[in-house]
Structures are given as C-alpha cells and as structure tokens.
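Following the working numbering, the numbering of the sequence shown begins with 5 at its first residue and continues without gaps. Ideal Cβ placement from N, Cα and C applies to all residues, glycine included. Here the structure is a predicted model, which is why all the values come from computation and not from measurement. Structure first, then comments.
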Amino acid sequence: MSMFENLLTHTDNRIHHIIINRAGKMNALNRNTLAELHTAVYDALNSNQVGGIIITGAGEKAFVAGADIAEFASFDSTKGEQLARHGHRTVFNMIENSSKPIIAAINGFALGGGLELALACHIRVASNNAKMGLPEVSLGLIPGYGGTQRLTRLVGRGRALEMILTGDMISAEDAHAYGLVNHVTAPEELLPAAEAIMNRILSRAPLALTAAIEAVNASTQNNIDGFETEIEKFARSFDTEDFKEGVAAFLEKRKPNFQGK
C-alpha cells in the first residue's frame with residue numbers, strides 16, 4: 005500500500021516500482037511530487053528488500069510531461085535558484101548517484117523536468133509512442149534540473165544544443181538513434197523489458213554494481229580522476245566475499261550466490 009499522495013509504490017522480487025500518479029496532470033512534477041520522490045527513492049535505497057528501482061508514469065500518455073509551471077510563474081531569480089538547487093540535491097543528483105541501479109521506463113511524454121528525471125536514471129527504456137524534449141526556451145527559461153549537462157553527456161554537444169535551443173520534441177526512435185534511450189519497445193512490453201534488464205543486473209554482485217556506478221559517474225566529474233576511482237574500486241573488490249563467491253562459482257561452473265558482502 006502506497007503512503008504517498010502522488011506516487012504509487014510496490015516491490016516485487018527486489019525491484020521497487022515508483023509510479024508517478026498524476027495522470028490528470030500528465031504526471032507533472034509539482035513541489036509535493038518531488039518531495040515524495042525524494043522520500044520514495046531514499047527509502048528504497050535504504051531497504052534490504054530492494055535491489056533496484058524502476059520509475060515510470062501512470063496512464064498511457066505521459067512519463068512526466070514537465071514541471072508544474074503554475075508553481076513558479078511568479079518566481080524571481082532568487083527563488084529560481086533555490087528551486088533548482090533543491091531539486092538537484094534532493095532528487096536528480098540522488099538518483100544519478102544512487103548506490104542501486106535505477107531504470108526509467110518512459111511510457112509517453114517526457115518533457116522538461118520529466119526528461120531530466122529520465123536523464124538522471126542509469127538506464128532508459130522507452131515505449132515507441134514516447135516523445136521527449138526540453139521545451140524550456142519556449143517559456144523564456146533553460147533546463148534547470150541538469151538537462152543541459154546530462155543530455156550533452158549522452159548525445160553530444162550538437163544534438164543537445166539542437167534539442168535545447170529549438171525546444172522541439174523527438175520520437176522514441178530518434179532518441180534511440182541519438183543514444184538518449186537504451187531500448188524502444190511496444191507500450192505493452194515496456195515494463196517487462198525494464199524488469200528483464202533489472203533482473204539481469206540484480207543477478208550480479210551487489211557491491212560490484214555500486215562500485216561500477218560510482219566509477220562510471222566519476223568519468224563526468226571534473227574534480228575527480230575517473231581512472232583513479234576505477235583502480236580504487238577495482239582493488240577494493242578483491243577484499244569482498246562476493247569476489248570470492250564469484251570466482252568459486254565460475255571455477256565450479258555454477259551460478260553464484262552473492263550476499264552483498
């Protein structure tokens with residue numbers, strides 16, 4: 005049973021599902037929804053019952069069709085900065101730096117803050133009717149939840165600038181060609197596809213998954229040497245029980261039984 009007003013949550017076989025449940029508002033991200041997302045992700049990351057998270061939207065039309073514009077229509081620069089910093093810290097950066105894998109299952113429109121939410125996730129799967137874009141310039145704004153940075157890293161400077169400067173939407177097929185999404189499926193196959201990917205991930209060593217996420221994320225941080233991070237994480241892996249179990253299982257030609265130790 006979900007404890008949230010704007011989210012539905014449940015856990016099945018170590019996969020925690022977070023469904024943004026504002027279908028009447030195209031699942032737009034208002035202040036309360038962002039606060040609930042923070043709590044839902046935080047709780048899942050600290051639950052021994054959860055190995056990974058899938059985030060999607062309720063209904064068939066939208067993943068998240070942007071932020072709730074009415075909430076910030078009267079903001080000045082000070083309030084705008086507070087809005088962006090708070091969102092980065094409590095939701096978007098927390099998702100990107102999650103110790104557990106997070107997959108976005110994009111089931112329709114992913115616009116503005118909705119696309120930025122998907123960009124913060126580690127892997128993106130989209131239904132073939134999905135549309136993605138960052139239309140902020142049509143409001144006199146720019147993306148404020150990491151879109152200018154994460155989109156550029158995924159698709160390159162030229163593609164990112166075209167999407168951001170035109171504000172135009174792209175199809176799921178184009179998003180796949182750009183490298184923005186990993187896979188495109190029929191709508192009815194979206195969640196099964198995301199779950200299949202997550203189940204493959206969760207069959208691997210939990211501590212190694214966390215170390216791999218940290219090492220990959222280090223490649224995008226200017227003040228960190230990603231190669232040094234990789235060496236450090238690689239070395240530490242040798243001291244884990246999971247390493248000993250993984251090697252033993254390989255040599256004994258059996259499936260490993262990882263304990264996350």
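Query, Result
"Specify, as a first and last residue, the run of the beta strand (DSSP E) that H126 falls within.", "It is not in any beta strand (DSSP E) - H126 carries neither H nor E in the DSSP assignment."
"Given that a residue counts as buried once 16 or more other Cβ atoms are within 10 Å of its Cβ, and exposed if not, what is I146?", "exposed"
"Alpha carbon to alpha carbon, how far is E120 from V185? Give it in angstroms, no decimals.", "13 Å"
"Mapping DSSP to helix, strand and coil, what is V45?", "helix"
"Under DSSP, the alpha helix (DSSP H) around G151 begins and ends at which residues?", "G151 to V159"
"With a threshold of 16 other CB atoms inside 10 Å of the CB of M5, please say whether the residue is buried or exposed.", "Low local confidence applies: a pLDDT of 49 at M5 is under 50, so the model's placement there is unreliable, and no value is given."
"Measure from the alpha carbon of H21 to the alpha carbon of each residue in N50, D47, L49 and T60, then state which is nearest.", "T60"
"Thinking C-alpha only, which one of L38, A44, A48 and K65 is nearest D72?", "L38"
"For K259, I'd like the list of residues in its chain whose CB is within less than 7 Å of its CB, leaving aside the five on either flank, ordered along the chain.", "A253"
"Could you name the residues of the same chain whose beta carbon sits closer than 8 Å to that of N285, not counting the 5 residues immediately before and after it, in chain order?", "Residue 285 is absent from the model: the chain starts at 5 and stops at 265."
"Taking DSSP as the reference, what is the three-state secondary structure of L12?", "strand"
"Which stretch, first to last residue, makes up the beta strand (DSSP E) that contains T60?", "G56 to G61"
"Going by other Cβ atoms of all chains shown within 10 Å of its Cβ, with 16 needed for buried, is V141 buried or exposed?", "exposed"
"Are the beta-carbon atoms of I19 and M202 separated by less than 8 Å?", "yes"
"Quick check: the region 118–135 against the region 99–106, are at least 3 beta-carbon pairs closer than 8 Å?", "yes"
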